[in-house]
Every structure is written in C-alpha cells, then in structure tokens.
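Residue numbers (the working numbering), protein chains in the order written: chain A, 16 to 306; chain B, 2 to 312. Every residue, glycine too, gets a C-beta built ideally from N, C-alpha and C. Keep in mind it's a predicted model, so treat the numbers as computed, not measured. Shown next, in structure tokens, is the structure this report addresses.
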Amino acid sequence: MIPLMQAEFFKLRKRMMTWVVALILVGLIVLLYSVLWSVSGRVTTFGSEHQFTGEQLRRALFLSGSVPFSLEIVGTFGVLLAVVLAAGAVGSEYSWGTVRLVATASSGRLRTMGAKLIVVFGLVAAGTVLAIATALIYSSVITFTSGGSDFDFVTGAFIRDQFEALGRTLFVLVPYIGLAFGAAVAGRSTLAGAGAGIGVAFMEPLVGGLMRLGDEPWKTIPNYFINANAQVILLQNALPDALPRFGPGEHELTSRAANSPGVAAIVLVAYAAVFLALAFYLYRRRDITAD
Amino acid sequence: MTSDGLAPGTEILRAEGLTKRYGKITAVIDLDLHLLTGEVFSFLGPNGSGKSTTVGMMLGLVRPTRGRVSAFGSDMALHPWPALRRIGAVIETPAFYPYLSGYDNLRALAMMLGDIPPSRIDRMLETVGLQDRARDAYKHYSLGMKQRLGIASTLLRDPDLVILDEPTNGLDPAGTREVRELIPRLAQEGRSVFLCSHLLHEVQAVSDRVAIIRQGRMVAEGHVDDLLGRGQFLRLKAADDQALLAALGRIPWVSRIEHLDGFVRAAVPPERAAELNRVLATQEVFLSELSPWAAELESVFLELTGEGAGL
Numbered sequence: 016m017i018p019l020m021q022a023e024f025f026k027l028r029k030r031m032m033t034w035v036v037a038l039i040l041v042g043l044i045v046l047l048y049s050v051l052w053s054v055s056g057r058v059t060t061f062g063s064e065h066q067f068t069g070e071q072l073r074r075a076l077f078l079s080g081s082v083p084f085s086l087e088i089v090g091t092f093g094v095l096l097a098v099v100l101a102a103g104a105v106g107s108e109y110s111w112g113t114v115r116l117v118a119t120a121s122s123g124r125l126r127t128m129g130a131k132l133i134v135v136f137g138l139v140a141a142g143t144v145l146a147i148a149t150a151l152i153y154s155s156v157i158t159f160t161s162g163g164s165d166f167d168f169v170t171g172a173f174i175r176d177q178f179e180a181l182g183r184t185l186f187v188l189v190p191y192i193g194l195a196f197g198a199a200v201a202g203r204s205t206l207a208g209a210g211a212g213i214g215v216a217f218m219e220p221l222v223g224g225l226m227r228l229g230d231e232p233w234k235t236i237p238n239y240f241i242n243a244n245a246q247v248i249l250l251q252n253a254l255p256d257a258l259p260r261f262g263p264g265e266h267e268l269t270s271r272a273a274n275s276p277g278v279a280a281i282v283l284v285a286y287a288a289v290f291l292a293l294a295f296y297l298y299r300r301r302d303i304t305a306d
Numbered sequence: 002m003t004s005d006g007l008a009p010g011t012e013i014l015r016a017e018g019l020t021k022r023y024g025k026i027t028a029v030i031d032l033d034l035h036l037l038t039g040e041v042f043s044f045l046g047p048n049g050s051g052k053s054t055t056v057g058m059m060l061g062l063v064r065p066t067r068g069r070v071s072a073f074g075s076d077m078a079l080h081p082w083p084a085l086r087r088i089g090a091v092i093e094t095p096a097f098y099p100y101l102s103g104y105d106n107l108r109a110l111a112m113m114l115g116d117i118p119p120s121r122i123d124r125m126l127e128t129v130g131l132q133d134r135a136r137d138a139y140k141h142y143s144l145g146m147k148q149r150l151g152i153a154s155t156l157l158r159d160p161d162l163v164i165l166d167e168p169t170n171g172l173d174p175a176g177t178r179e180v181r182e183l184i185p186r187l188a189q190e191g192r193s194v195f196l197c198s199h200l201l202h203e204v205q206a207v208s209d210r211v212a213i214i215r216q217g218r219m220v221a222e223g224h225v226d227d228l229l230g231r232g233q234f235l236r237l238k239a240a241d242d243q244a245l246l247a248a249l250g251r252i253p254w255v256s257r258i259e260h261l262d263g264f265v266r267a268a269v270p271p272e273r274a275a276e277l278n279r280v281l282a283t284q285e286v287f288l289s290e291l292s293p294w295a296a297e298l299e300s301v302f303l304e305l306t307g308e309g310a311g312l
C-alpha cells in the first residue's frame with residue numbers, strides 16, 4: 016500500500032486545489048486574528064451573555080490561546096476545506112476517467128481507497144498543523160507587541176491539553192471526510208462528494224434548529240446529527256472565554272440536552288464507519304466504466 | 002519468451018461463456034476467446050457491439066453476469082491484480098491527470114505500480130517520441146500526443162499482454178505508421194497484443210488472428226488467412242461469365258462458385274489452377290484473368306456485421 020500512498024500524495028501535492036485549500040485556511044486564520052486584534056483596540060466592552068473588555072480579548076489572542084483558537088477555526092470552517100479535498104481526491108478520478116488507470120495499476124481496489132483515505136487524512140492533519148503554526152506566528156506578534164511575553168503557562172499539562180485538542184479536532188473531521196468519500200464514489204463525481212459534505216455542514220444546524228422547535232421525538236433527533244456531536248467534542252477544547260466559539264456554547268448544549276462527550280464520540284464513529292464502508296463497498300463492487 | 006518464461010503459443014488469457022447484462026440490455030452474450038503469447042489478436046465490431054465491455058471484463062473492471070475470464074492464471078473478476086501487473090492497456094481514449102505533465106503522469110503510474118525505475122519513464126517517452134514535450138501539462142497535449150502517452154503508459158510496466166483500443170486515433174500518418182510498426186515488434190518481443198481498431202486494412206496487415214463481434218455475439222473468429230479465404234479461392238474473368246459459371250459447375254473439384262464484384266470466385270486447390278485453365282479452354286471458355294482471390298478484411302467485416310458504415 017506504500018506505493019499507492021506515495022502516488023496519491025504525489026498527485027495531491029502537484030494539484031493546485033491542495034495549495035488553494037491550504038492558502039484559504041491560512042488566510043482565514045490571518046483574517047480572524049487581524050479582525051479580533053483590531054476590534055480589541057477599539058472596544059471597551061463586548062459580549063451579551065458575558066461582558067469582556069477589549070484588553071481581555073487582546074490577552075486571549077496571546078500565545079496561550081492560539082492552539083485552541085486555531086483548532087476552533089479548523090473544526091468549524093476547516094470542515095468545508097477537508098470535504099473539498101476529500102471529494103476532489105476521489106471524484107476527480109471519475110471525471111477525468113483516470114479511475115480505470117488507477118484500477119488497473121493498483122494492487123487492489125480496497126487498497127487504492129485506503130491509500131486515498133490515509134493520504135487525505137494526512138493532508139488534513141498537515142493543514143491543521145499549518146493552521147496552528149499560522150496562529151502561533153500571528154499570536155507571537157500580538158503577544159510581543161502587547162507586552163505579554165510571559166510563558167509560565169507552558170507546562171506539561173498545558174502541552175498535553177493542546178495535543179488532546181488537536182486529536183479531538185481531527186477526530187470530528189473524520190465523519191465529514193467519510194461523507195465526502197462515500198458521496199463522491201456513489202455519485203462518481205467531485206460535485207457529489209463536495210455537495211453532500213458542504214450541504215450537510217451547512218444544512219444540519221438549520222434543519223436541527225427547526226426540529227428543536229417541535230415536540231418529542233423531533234427535538235431529540237438533532238442530537239444525533241454529525242454537527243451537534245462534533246460541537247460537543249469541540250467544546251472540550253479549552254478556548255479562552257473572550258474568544259468567539261463558532262458553534263453553540265456550553266449553556267446552549269446543556270439546554271438542548273446534548274449527548275455526553277462519550278456518546279457523541281460513538282455517534283461520530285458510527286457515521287464515519289457507515290460513510291467509509293459505503294465508499295469502500297461501492298468502489299470494490301461496482302463496475303468501472305467510461306460513464 | 003514472456004517475463005516468466007512462457008513459450009510462444011502458450012495460452013495466457015481465456016474467456017469462457019462471457020455474458021454481461023445491464024438491466025434489460027445484454028451487452029455481451031456467451032463470448033469465448035483465448036489469447037496466445039506472441040500473437041496479435043484483433044477484436045473488431047461496430048460501435049456498441051460490446052468490444053469495450055469485453056475489454057473491461059478482461060481487465061477485471063467490469064464484472065461478468067455469467068462466465069469467466071482468466072489471465073495468467075488469475076480469475077479476473079475475483080483477483081485480477083497479479084495478472085494486471087502483466088497487462089498494459091489503454092481503453093477507448095487515454096485518460097490521465099490533466100494538471101500533471103506527461104512525465105509526471107508516467108511517474109504517478111510508476112509509483113502505483115511500485116517497481117519502475119525513473120530511467121524507464123524517460124525511455125518510454127523517447128520510444129513514443131514525446132521526450133521534447135514531456136514536461137508540458139497533459140491538458141495541453143493534442144489527441145495524437147495523448148495517444149502516444151497512452152501507448153507509453155501501457156509499455157511502462159513491461160507487459161506480457163498489451164491491450165490497445167484504437168491506438169492510431171488522432172495520430173498523423175507518420176504516427177500511424179509508427180504504431181503499425183510497433184505492434185508486430187511487440188509480438189516479436191514475445192508480448193501478446195489485443196488490438197481494437199477501426200482501420201481494418203491495418204488490422205489485416207498486423208494481425209495473426211481476428212475476432213468479429215456483432216450485437217454482443219462473436220460472429221467470426223480465426224486466423225486472418227482463414228477468415229479472408231486466402232489460398233482457397235481463385236478470381237476468374239472470362240468474356241462470357243455465364244458460360245464460365247456453367248463450365249465451373251461441371252468440374253467436380255471446383256466448389257463454392259459465386260459471382261462477386263464483376264468476377265467469378267471459386268474454391269479451387271491452388272496447385273490445380275493451371276489444370277483448371279486447361280479444362281475450361283477445352284470447353285471453349287477462355288479466361289482473361291486467373292489470380293488468387295485477395296479478399297479485404299473490410300468486406301468480410303461488412304458482410305458479417307451487416308454494417309454499411311462505421312465500426
């Protein structure tokens with residue numbers, strides 16, 4: 016399988032889409048840091064549920080908060096980029112007709128799909144590390160220009176927390192990658208994979224919100240959606256209070272009677288397993304033809 | 002000899018009772034064929050006759066509804082990968098990654114195959130005359146260049162069986178001649194070639210055996226000479242063709258007498274051609290032409306498939 020992974024990495028590394036996705040992620044981090052840094056110098060207080068001062072926001076942008084904040088961005092907006100990457104890696108083989116080339120050159124269809132999955136996940140992980148690195152660099156600038164060069168927070172427990180947060184963030188991306196893979200294979204196109212992944216990411220909170228307005232069992236069903244459980248997991252990442260969460264906060268999740276982190280993890284694993292099983296099964300069983 | 006030392010004439014691929022249905026449509030019906038080492042086998046049929054489906058089943062890309070294909074000892078529906086390592090194929094139009102250069106496309110393919118040295122990529126690009134454009138993106142290639150890259154990709158793995166589907170499509174006359182010269186050369190190197198082509202006179206020139214498929218069924222299969230009736234028929238012309246036909250009908254060792262295209266065709270043992278001329282002269286039938294019947298594959302194809310135009 017190593018040769019297949021090398022080939023897959025080579026193809027994605029040479030592809031413009033991969034670099035554009037990485038650039039968008041870096042741009043997003045830079046943009047959000049720039050906006051928040053700018054806002055921190057202009058407001059005295061902000062926030063409706065809790066009141067924070069501009070100074071508190073600026074201190075939240077210091078190095079100690081850079082890893083969880085970049086992971087919050089990856090866990091929310093990075094999902095869309097991961098979906099595009101995964102759908103493109105699979106779906107383009109159909110639109111270019113190279114699916115036959117790959118099928119006759121590889122040492123097995125399941126291995127081919129496995130190699131794609133590993134490489135895409137590896138690139139998503141690399142993108143996440145790139146996002147963290149970007150946040151660390153920008154955060155360093157803010158930290159040192161705002162007189163916050165105090166590194167007492169760097170302890171063994173802190174470092175362990177950052178790695179756990181990274182693991183949790185990558186974990187919540189897996190069902191979306193699986194969905195993009197499954198839909199791209201089922202629809203034999205990038206559009207099907209990207210459309211399904213982005214559609215679910217966008218529509219789920221809307222549909223879930225509407226369903227929660229109803230009675231049982233409708234209001235409970237959204238607790239088993241992907242996004243709802245991903246937010247439960249991401250909430251475990253210790254984000255400084257003054258920084259914005261792009262998903263529902265702890266208070267909102269409690270009011271929804273959301274799943275516990277353990278149940279949420281099981282739900283996400285189940286989704287990932289179903290989507291990936293569909294992708295592998297269809298790719299293994301279906302005829303590979305020109306259309 | 003092939004890479005694992007198969008002697009010329011050894012069977013490397015066999016399809017038995019191959020049938021493929023897509024819903025109510027049956028694309029291929031009960032097809033049998035076999036391929037031998039070192040032979041050029043041409044597979045002909047009109048558009049939609051089931052050629053590509055058959056090739057797909059041969060490569061394990063399409064699962065047969067019934068029947069089986071085995072190649073190099075592998076069942077192509079169940080475990081095709083050991084055999085695929087020994088088969089190079091371009092099916093219909095070549096398909097590669099448009100954003101990669103020709104060189105990088107072969108490099109990606111070499112990585113998938115696992116044990117192809119980079120020097121072989123350069124050699125294959127040189128073989129097909131693409132070395133000067135190797136660094137250009139595939140999307141900027143002409144159809145002829147894409148075909149050349151397709152041929153290079155089939156040869157990259159040093160295959161024992163080469164499957165070429167319309168390999169001269171889009172090539173200029175010089176390129177077409179190169180491919181025509183390449184095919185027998187591949188066979189001389191001990192490889193088998195499975196060729197699908199519209200250019201029947203070229204198929205006729207390079208093939209050892211030919212199979213013709215129509216509406217999913219094999220309608221003819223055999224050595225080119227047998228299919229064309231080479232060495233079996235004489236072409237005869239006389240001033241009075243009716244008298245000639247009548248006289249031939251009275252000779253017991255002359256058979257299958259037909260009036261075709263302004264000539265009379267008759268099955269006559271070639272060694273008795275002079276005797277035939279003498280016998281006809283004694284019956285006051287004087288020949289203005291007596292020659293071996295040289296049928297064209299195209300006319301045989303059209304006769305068997307009932308096609309007036311387009312393969």
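In angstroms, rounded to a whole number, what distance separates the CA positions of residue i and residue j?
i, j, result
"B/Gly10", "B/Gly191", "10 Å"
"A/Lys29", "B/Asn106", "11 Å"
"A/Ala211", "A/Val278", "24 Å"
"A/Ala292", "A/Asn238", "23 Å"
"B/Gly309", "B/Leu7", "With a pLDDT of 49 at B/Gly309, under the threshold of 50, the modelled position of that residue is not reliable, and the figure given next carries that caveat. Looking at the two C-alpha atoms, the distance is approximately 41 Å."
"B/Met125", "B/Ala267", "49 Å"
"A/His266", "A/Arg301", "47 Å"
"B/Leu200", "B/Ser43", "11 Å"
"A/Thr59", "A/Tyr191", "39 Å"
"B/Pro253", "B/Asp227", "23 Å"
"A/Ala150", "A/Val289", "34 Å"
"A/Leu181", "A/Glu108", "31 Å"
"B/Ser208", "B/Tyr100", "36 Å"
"B/Leu288", "B/Leu237", "7 Å"
"B/Ser71", "B/Ala16", "7 Å"
"A/Ala209", "B/Pro185", "47 Å"
"B/Leu312", "B/Val56", "For B/Leu312, the pLDDT reaches just 43, beneath the cut-off of 50, and the residue's location in the model is therefore unreliable, leaving the point undetermined."
"B/Ala221", "B/Phe302", "9 Å"
"A/Ala207", "A/Thr68", "45 Å"
"B/Glu182", "A/Val98", "48 Å"
"B/Asp31", "B/Glu203", "28 Å"
"A/Pro232", "B/Ser154", "58 Å"
"B/Ala240", "B/Leu261", "15 Å"
"B/Arg69", "B/Met59", "9 Å"
"B/Glu179", "B/Asp123", "18 Å"
Beta-carbon of residue i versus every beta-carbon of chain D: anything under 8 Å?
i, result
"A/Met128", "In the structure shown, chain D cannot be found, because the protein chains are A and B."
Comparing C-alpha positions only, which one of the options sits nearest to residue i?
i, options, result
"A/Phe173", "A/Gln21, A/Ser81 and A/Met20", "A/Ser81"
"B/Arg215", "B/Leu45, B/Leu196, B/His224 and B/Ser143", "B/Leu45"
"A/Leu19", "A/Arg183, A/Val135, A/Leu51 and A/Thr143", "A/Val135"
"A/Glu70", "A/Trp34, A/Ala101, A/Val45 and A/Leu258", "A/Leu258"
"B/Met219", "B/His35, B/Ile13, B/Gln189 and B/Asn170", "B/His35"
"A/Leu125", "B/Pro81, B/Glu127, B/Val129 and B/Val91", "B/Pro81"
"B/Glu299", "B/Asp133, B/Ser198 and B/Leu277", "B/Ser198"
"A/Asn252", "A/Ser79, A/Val36 and A/Val215", "A/Ser79"
"A/Phe84", "A/Ala294, A/Phe166, A/Pro255 and A/Asp230", "A/Pro255"
Using the beta-carbon count (16 or more within 10 Å), is residue i buried or exposed?
i, result
"A/Ile17", "exposed"
"A/Val282", "buried"
"B/Tyr23", "exposed"
"A/Asn274", "buried"
"B/Asp166", "buried"
"B/Ser325", "It is not possible to answer for residue 325 of chain B, since the shown part of chain B is limited to 2 through 312."
"A/Ser154", "buried"
"B/Asp33", "exposed"
"B/Lys25", "exposed"
"B/Asn48", "exposed"
"A/Leu330", "Residue 330 of chain A lies beyond the range of chain A shown here (16 to 306); nothing can be said about it."
"A/Gly103", "buried"
Identify each residue in the stretch 18-36 of chain A for which the Cβ-Cβ distance to at least one residue of chain B is less than 7 Å, and report them in chain order.
Pro18, Leu19, Gln21, Ala22, Phe25, Lys26, Lys29, Arg30 and Met31
- Query: Using a Cβ cut-off of 9 Å, which residues of the stretch 240-267 of chain A contact any Cβ in chain B, in chain order?
  - Reply: none
Could you please tell me which residues of the stretch 58-84 of chain B, in chain order, have their CB closer than 7 Å to any CB of chain A?
-> Leu60, Leu62, Val63, Arg64 and Trp82
Segments assigned alpha helix (DSSP H), at least 4 residues, entirely inside the stretch 44-108 of chain A:
69-75 and 81-88
If you measure beta-carbon to beta-carbon, which residues of the stretch 215-231 of chain A are closer than 8 Å to chain B?
none
Next on the checklist: By the 8 Å beta-carbon criterion, what residues does the stretch 184-214 of chain B contribute toward chain A?
Outcome noted: none
Fully enclosed by the stretch 207-276 of chain A, which alpha helix (DSSP H) runs are 4 residues long or longer?
-> 241-249 and 265-270
Note down, one range per segment and in chain order, each alpha helix (DSSP H) of at least 4 residues found wholly within the stretch 130-204 of chain A. 171-202
Mind pulling the beta strand (DSSP E) runs of 3 or more residues that sit fully within the stretch 98-184 of chain B?
162-166
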